[in-house]
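Chemist: Pasting a structure here, questions to come.
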Amino acid sequence: MKNLLKTGLSTCALAMLMTGCGTTAAQDEASMELATGQQELTAQCDPAETEEVIEHSCIHAESGPFQAVTAAALGTVPFVDVNLPHTAYNVTLPGSYGQYGGSVIFTAEESTEYAFLLSRYQGLRIFDGTTEVGLECRSYISASACGALKSIAIAPLEAGKDYRLEFRAFRSSDAQFTLLVEEAAHAHEHE
40 MKNLLKTGLS TCALAMLMTG CGTTAAQDEA SMELATGQQE LTAQCDPAET EEVIEHSCIH
100 AESGPFQAVT AAALGTVPFV DVNLPHTAYN VTLPGSYGQY GGSVIFTAEE STEYAFLLSR
160 YQGLRIFDGT TEVGLECRSY ISASACGALK SIAIAPLEAG KDYRLEFRAF RSSDAQFTLL
220 VEEAAHAHEH E
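According to our numbering, the residues represented by the sequence shown are 40 to 230, in order.
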């Protein structure tokens, strides 16, 4: 009986150690399932309309330029902005009691649709003050289209307004991710 108890405890300890190391396919699948609830409430993006912005953003997600930012804790005023075009932001969410959440600011240069591309399945919420901005569409990005990015959301924004981009995560593996913001209809050429 003692041997069985020791074996059981050793197995449990090993399982706990293994779950804390890296991301498994099961964890990615769980993240995808969590994000599905958000996705079902928003229309799917038309692949013909997002192909160019995904292709362009993938280059930046893989090659940079990169900028590391730590989001402001939820409930506080965010001062960190993600306004630089063609920049892959490596966002870190602050954690508290096993949950992670934070926000950053994005100021729209033009009144147009913007694409928000993430290296995780869980999405984002966009606020204009205290009012949540409705997304035009949200979709997953296939690994064949871009291995570095997993989801895209498109929202219409007004020029000159500061928008709060809010993120949450329940696992530490989702608390660090890449974010790119690009004009959705922008001709992606560098000067």
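Just so it is clear, CB atoms sit at the ideal spot from N, CA and C, and this is done for glycine as well.
Just curious, the beta strand (DSSP E) that P86 is in, first and last residue?
Modeler: Per DSSP, P86 belongs to no beta strand (DSSP E); it is in the alpha helix (DSSP H), 86-102.
Chemist: Tell me whether S135 sits in a helix, a strand or coil according to DSSP, three-state version.
Modeler: S135: strand per DSSP, three-state reduction.
Chemist: For a quick check, are the C-beta atoms of L196 and A154 less than 8 Å apart?
Modeler: Taking 8 Å as the Cβ cut-off, L196 and A154 do not qualify as a contacting pair.
Chemist: Give me the Cβ distance between I93 and I193, rounded to the nearest whole Å; I'm assuming they're in contact under 8 Å.
Modeler: Actually they are not in contact, since the Cβ atoms of I93 and I193 sit about 11 Å apart, beyond 8 Å.
Chemist: Considering only residues of the segment 131-181, which uninterrupted beta strand (DSSP E) runs meet the minimum length of 3 residues and lie entirely inside it, listed in chain order?
Modeler: 138-146, 151-157, 164-167, 176-179, all fully within the segment 131-181.
Chemist: So, at 8 Å on beta carbons, what are the nonlocal neighbours of Q303 in its own chain, with the 5 sequence-adjacent residues on each side left out?
Modeler: No answer is possible for residue 303: it lies beyond the span of the chain, which begins at 40 and ends at 230.
Chemist: Check S212 in the structure and name its three-state DSSP category.
Modeler: If DSSP states are grouped into helix, strand and coil, S212 belongs with the helices.
Chemist: Do the CB positions of S135 and A198 come within less than 8 Å of each other?
Modeler: No, the pair does not count as a contact, with Cβ atoms beyond the cut-off.
Chemist: T217 to A110, Cα distance in whole Å?
Modeler: Distance between the alpha carbons of T217 and A110: 12 Å.
Chemist: Please look up how many angstroms separate the CB atoms of A204 and L156, rounded, as I've assumed it's under 8 Å.
Modeler: According to the sequence shown, residue 204 is Leu rather than Ala. Their Cβ separation, rounded to whole angstroms, is 12 Å, which puts L204 and L156 out of contact at 8 Å.
Chemist: According to DSSP, simplified to helix, strand and coil, what is Q83?
Modeler: Three-state DSSP puts Q83 in coil, outside helix and strand.
Chemist: Whole angstroms is fine: what's the gap from P133's alpha carbon to G140's?
Modeler: One C-alpha to the other measures close to 6 Å.
Chemist: Does DSSP classify A192 as helix, strand or coil?
Modeler: Three-state DSSP puts A192 in a strand.
Chemist: Could you tell me if G114 is buried or exposed, where buried requires 16 or more neighbouring beta carbons within 10 angstroms of its beta carbon?
Modeler: Exposed: under 16 other Cβ atoms inside 10 Å.
Chemist: Am I right that A127 and G162 are in contact with their C-beta atoms under 8 Å? What's the rounded C-beta distance?
Modeler: That belief does not hold up - the Cβ atoms of A127 and G162 are roughly 18 Å apart, past 8 Å.
Chemist: Please list the terminal residues of the continuous beta strand (DSSP E) segment that includes F105.
Modeler: F105 -> beta strand (DSSP E) spans 105-109.
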